[in-house]
Structure formats: C-alpha cells, structure tokens
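*Asks:* If you read the protein sequences in the order shown, they are chains A and B. Under the numbering used here, the first residue of the first sequence carries the number 35, and numbering increases by one thereafter. Under the numbering used here, the first residue of the second sequence carries the number 35, and numbering increases by one thereafter. Cβ coordinates follow ideal geometry from the N, Cα and C atoms, glycine included. As the structure is a computational prediction, the values presented were derived from the model and not from experiment. Got a structure for you, written out below as structure tokens; questions coming shortly.
2 protein chains.
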Amino acid sequence: MNASIKTPDLTRQKLLEAAFAEIHRNGFQAASLTHILADTGLTKGALYHHFPDKKALGLAVIEEVIRPQLAAMMFAPLADTQQPLAAMQALLKGKASEPDPWVVTLGCPLNNLMQEMSPVDEAFRLQLNSLFEAWVGVVTAALKRGLKSGEVNAAVKPGDTAFFIVSALEGCIGMSKNTQSVAAYRGCLGQLSHYLDTLKS
Amino acid sequence: MNASIKTPDLTRQKLLEAAFAEIHRNGFQAASLTHILADTGLTKGALYHHFPDKKALGLAVIEEVIRPQLAAMMFAPLADTQQPLAAMQALLKGKASEPDPWVVTLGCPLNNLMQEMSPVDEAFRLQLNSLFEAWVGVVTAALKRGLKSGEVNAAVKPGDTAFFIVSALEGCIGMSKNTQSVAAYRGCLGQLSHYLDTLKS
DNA sequence: CTTGACACATACCAACCGGTATGTATGATC
DNA sequence: GATCATACATACCGGTTGGTATGTGTCAAG
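Listed below in structure tokens is the structure:
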C-alpha cells in the first residue's frame with residue numbers, strides 16, 4: 035500500500051526531522067504533532083508506535099538531530115587543534131561570510147530549547163545541559179591545548195573562558211535573530227573574534 | 035461586592051503583573067489566560083475589558099512591565115556616566131554578588147520573549163527589538179562618553195561593541211539559566227567584566 | 001499454510017485553549 | 001431620581017491539543 039513498504043527506521047528519521055523543523059520554528063510546547071504528521075504524510079499511529087509521547091519525541095530530537103548537527107559544525111573543527119583561537123576565528127569567519135539563513139531567522143536550536151524548556155521541564159534541562167556542557171568541554175579542552183602550545187595567554191582560565199565564549203556566541207545568535215539582520219550578526223561575531231584576540235599570549 | 039470597589043487601573047496592573055509572571059515562567063504562547071485569572075482572582079470579563087486579546091496583553095507586559103524594569107536596572111546606572119566601563123563593571127559585580135534568583139532560574143524576560151516570539155510574530159519582534167535597541171543605544175551612548183573622557187580605548191567601535199556587550203550578557207544569563215548554578219553565572223559575568231577591561235585605553 | 005509480531009492507519013476522546021455574548025452591580029451625570 | 005457608561009462576572013462556544021483504542025496490512029517464523 036505504501037510507496038516504501040515497511041521501512042521503520044526511515045519513518046522514524048522522517049518523524050525526527052519534521053519534529054526538529056517544527057520545534058525549531060515554534061518551540062517545543064507550541065510544536066503541533068498534527069503539523070509534524072502533516073509534513074511527513076504519516077499518522078498518529080506511526081508516531082506513537084515509535085515514540086511513547088511528545089516529550090520523548092522532543093528528547094530524541096535533541097539527542098539524534100541537534101547533537102550530531104552541533105558536533106559536526108562546532109565540535110569537529112576544534113578536535114585536536116593546537117591553535118584553538120585560530121580555529122575558532124576561522125569558524126566564526128566562515129559563519130560570518132556565509133551565514134546560515136535559518137540561524138539568523140530561527141536561531142540556534144539548542145539555545146532556543148534551553149531558553150524555553152529549562153525552567154519548565156527538568157528532564158529537558160538535564161538533556162540540554164548535557165549537550166551544552168559537552169560543547170563547553172570541547173572548547174575547554176581546545177583552550178588547554180592552546181595553553182600548552184603557547185597560543186593562549188597563560189592567564190586564561192580554560193573552563194570559565196570556554197563557558198563565556200559559548201555563551202557570547204549564543205547571545206550573538208539570539209540577538210541577531212531578533213534584529214533579523216545579517217549585518218548585526220556579522221558585527222557581533224566580529225566583536226567575538228576580537229575578544230578571542232585578547233586571549234592570545 | 036468586591037473588596038476594593040471599582041479600581042480599574044489597579045485591576046489592570048494586577049493583570050499585567052500576573053501575566054508577566056506567567057509569561058516569565060512558561061513563555062507567551064504557553065501562558066494560560068486561565069492561570070493568570072486564577073492568580074489574580076479575576077475573570078475573563080475583566081481581562082477582555084482591559085485588553086482586546088491575549089496578544090495585546092503580551093505587548094502591554096513588554097511595554098509597561100519589562101521596559102520599566104530594564105530601564106531601572108540597566109539603563110539608569112549608565113545614564114550620564116563618563117566612565118561607562120567602571121559603571122558596567124560595578125553593575126556586573128552587583129549582579130554577581132547578590133544574584134536575583136529569578137534571573138538564574140527563569141532568565142531575562144526580554145531575552146526569553148525575543149527567543150520565543152521573534153520568529154513567530156512580527157509585532158512582537160518589532161516591539162521587543164525596540165526595547166533591545168534602546169538598551170544597546172544606552173550602552174552605545176555611554177561608550178561614546180567614555181571615548182571622550184578617555185576611559186575607553188580609541189579603537190573601540192561603540193555601536194558594535196555595545197551590541198556585543200548586551201548579547202554576551204544575555205548569553206551569560208541564558209546559559210546560566212540552563213545550568214541553574216549561580217557559580218556559572220558568577221563565572222560568566224566575571225569573564226564579561228574581564229572583557230570590559232580589554233576596552234580600556 | 002498458519003500464526004503472530006511488527007508497522008502503521010483510522011477513529012475517537014476528554015481537556016484545555018482563546019474568545020464572545022450576555023448579565024449585572026456600581027458610580028457619575030444631569 | 002432616572003439614565004447611562006464603566007467595570008467587571010458568568011456562561012458558553014468552536015477549535016485544537018496530546019493521547020488512546022482499535023483495525024489492518026505486511027512479513028517472517030514455524
């Protein structure tokens with residue numbers, strides 16, 4: 035009856051991606067299961083076969099969609115780098131030169147969910163915090179290698195600095211989303227890059 | 035029949051404050067008018083007498099609750115200062131020494147609404163952006179005075195720097211909200227203060 | 001060939017949502 | 001003292017929500 039007969043993991047993936055898009059636009063609480071199902075062409079039977087409830091779907095989106103995205107975009111470029119500042123500035127420059135239109139209009143999916151769900155649901159907060167701390171951890175480790183290699187000023191405290199860098203980046207994205215101007219986005223990233231300069235030895 | 039017989043502006047104020055609290059906790063879209071009315075002890079008749087619809091209530095909260103709060107907390111300390119960096123660092127120190135528990139658990143009301151509503155509703159985005167740009171404007175003006183007074187490094191571009199400062203601050207608050215630790219909040223504010231040091235001449 | 005688990009589709013439900021229509025007590029105006 | 005707008009309260013409504021119960025076709029195992 036169906037075009038692609040019985041491909042459960044593909045169905046699950048379609049649900050995850052549609053849910054991600056809907057959540058990215060409207061947030062989790064305002065995300066409509068009906069809309070998600072309309073986008074996929076599936077029905078509630080499929081959804082509730084793969085996920086026990088809406089919350090589980092949201093948590094799965096964090097773990098199976100957002101986490102890999104973030105790992106590819108933000109974690110990978112910093113892995114094993116001995117010059118973390120240069121690597122991050124290259125990353126920022128890439129983001130500034132060809133800004134993802136989705137990011138400027140809809141913001142960072144991780145940050146969006148953190149702002150919305152952290153005060154509301156503890157399970158969400160813990161899952162999001164795990165991902166966030168992974169990010170901070172990656173930056174911290176990179177900064178430590180930079181300290182060893184001599185790129186980073188010896189006065190820099192890797193943990194606090196990494197937390198601030200990620201926070202400032204999320205802040206820049208968030209404010210630019212509200213302004214909805216790529217110019218503001220570029221300017222803010224430029225200032226962040228300028229801040230990274232002050233960490234050099 | 036009522037305790038305080040016919041006090042329309044007081045009633046309106048109670049609605050605004052209850053709406054602010056509900057929105058601060060759950061966001062605008064998830065904010066329930068029923069909850070707001072239950073908190074105030076009022077009914078829908080009162081609500082829809084003072085506000086045409088939910089959206090108008092939300093916009094009024096921004097203008098009549100959040101804007102004055104922000105003006106008192108963030109704008110006033112920077113008004114007419116010739117040493118903006120010192121003033122902002124004093125502000126941050128005050129926030130770090132006795133952090134508002136509501137801010138760490140629920141975040142900045144302005145930022146919460148920006149993240150949630152900017153992509154969803156244009157009227158909200160414009161109103162929020164107006165408030166946000168007022169904030170950036172205050173910081174920009176302060177930095178310009180600092181340039182004249184010699185406190186601020188001549189290489190500093192006031193507008194871009196102000197945008198970044200506000201963004202970084204909102205980022206710090208947002209990330210700390212997710213972490214729900216005052217220690218992280220303090221650390222992030224400390225790094226922001228450290229960044230402000232690099233702007234000195 | 002039968003059986004049974006899997007992978008969905010369909011139909012349905014109670015709860016809640018924002019919003020409205022109507023009723024009513026109060027206070028000022030003339 | 002009658003009139004009338006104001007300031008609410010009460011009752012109700014259609015739509016949407018997340019969730020469930022049941023039906024059905026497919027496929028693999030025995």
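Do we get a CB-CB distance below 8 Å when we pair residue 123 of chain B with the residues of chain A?
*Replies:* No, no contact with chain A.
*Asks:* Ordered along the chain, which non-local residues of its own chain (more than five positions away) have a Cβ less than 6 Å from that of residue 148 of chain A?
*Replies:* So the qualifying residues of the chain are 162.
*Asks:* Just by C-beta distance, which residues in the region 189 to 203 of chain B are closer than 9 Å to chain A?
*Replies:* Cβ contacts with chain A come from 191, 193, 194, 195, 197, 198, 199, 200, 201, 202, 203.
*Asks:* 8 Å is my cut-off, CB to CB: does residue 174 of chain B come that close to chain A?
*Replies:* False, the Cβ-Cβ gap to chain A never drops below 8 Å.
*Asks:* How big is the Cα-Cα spacing for residue 141 of chain A and residue 59 of chain B?
*Replies:* Between residue 141 of chain A and residue 59 of chain B, the C-alpha separation is close to 21 Å.
*Asks:* Mind checking whether residue 70 of chain A and residue 92 of chain A have CB atoms under 8 Å apart?
*Replies:* Contact: no.
*Asks:* Does the beta-carbon distance from residue 184 of chain A to residue 235 of chain A come in below 8 Å?
*Replies:* A contact, by the Cβ cut-off of 8 Å.
*Asks:* Here's the rule I'm using: 16 or more other beta-carbon atoms within 10 Å means buried, otherwise exposed. How should residue 68 of chain A be labelled?
*Replies:* Classification of residue 68 of chain A: exposed, given that the 10 Å Cβ count is below 16.
*Asks:* Helix, strand or coil for residue 154 of chain B per DSSP?
*Replies:* Residue state, collapsed to three classes: coil.
*Asks:* In terms of DSSP beta bridges, what is residue 186 of chain A paired with?
*Replies:* Residue 186 of chain A is bridged to A/234.
*Asks:* Less than 8 Å between C-beta atoms, sequence neighbours within five positions excluded: which residues of the same chain meet that for residue 37 of chain A?
*Replies:* Unreliable positioning characterises residue 37 of chain A in this predicted model, as indicated by a pLDDT of 40, which lies under 50. A coordinate reading is not provided.
*Asks:* Is it buried or exposed, residue 77 of chain A, if we count other Cβ atoms within 10 angstroms and call 16 or more buried?
*Replies:* Exposed, since its Cβ has fewer than 16 Cβ neighbours within 10 Å.
*Asks:* Starting from residue 143 of chain B, find everything on chain A with Cβ-Cβ shorter than 9 Å and list it in chain order.
*Replies:* Those within 9 Å of residue 143 of chain B in chain A number zero; the least Cβ separation is about 11 Å.
*Asks:* If you drop the 5 nearest sequence neighbours on each side, which residues of the same chain put their C-beta closer than 8 Å to that of residue 202 of chain B?
*Replies:* Only 226, 229 meet the Cβ criterion.
*Asks:* By the 10 Å Cβ neighbour count, where 16 or more other Cβ atoms means buried, how is residue 35 of chain A classified, buried or exposed?
*Replies:* Since pLDDT at residue 35 of chain A reaches only 38, below the 50 mark, its modelled position is unreliable, and the value read off the structure follows with that caveat. By the 10 Å Cβ count, residue 35 of chain A comes out exposed.
*Asks:* Since residue 134 of chain A is in the alpha helix (DSSP H), which residue starts that stretch and which ends it?
*Replies:* No alpha helix (DSSP H) holds residue 134 of chain A; DSSP gives it neither H nor E.
*Asks:* Any beta carbon from chain A within less than 8 Å of residue 149 of chain B's own beta carbon?
*Replies:* Yes, residue 149 of chain B lies at the interface with chain A (some Cβ there is under 8 Å from its Cβ).
*Asks:* With a threshold of 8 Å between beta-carbons, can residue 63 of chain B be considered close to chain A, or not?
*Replies:* So, interface residue.
*Asks:* Fully enclosed by the region 155 to 181 of chain A, which alpha helix (DSSP H) runs are 4 residues long or longer?
*Replies:* Listed in chain order, there is nothing to give.
*Asks:* Taking 8 Å as the threshold (C-beta atoms), are residue 224 of chain A and residue 106 of chain A in contact?
*Replies:* The answer is no: Cβ separation not under 8 Å.
*Asks:* Measuring only the C-alpha atoms, how far is residue 209 of chain A from residue 199 of chain A?
*Replies:* Residue 209 of chain A and residue 199 of chain A: Cα-Cα distance of roughly 15 Å.
*Asks:* Between residue 187 of chain B and chain A, is there a C-beta pair that is closer than 8 Å?
*Replies:* Closer than 8 Å: no.
*Asks:* Would you check if the region 167 to 175 of chain B and the region 93 to 113 of chain B touch, i.e. whether three or more CB-CB distances between them fall below 8 Å?
*Replies:* Yes, since at least three Cβ pairs between the region 93 to 113 of chain B and the region 167 to 175 of chain B fall closer than 8 Å, the two stretches touch.
*Asks:* Which residues in chain A have a C-beta closer than 9 Å to the C-beta of residue 139 of chain B? List them in chain order.
*Replies:* The contacting residues are 152, 153.
*Asks:* Checking 8 Å against the spacing of the C-beta atoms, do residue 194 of chain A and residue 128 of chain B come in under that value?
*Replies:* Not in contact: residue 194 of chain A and residue 128 of chain B (Cβ atoms no closer than 8 Å).
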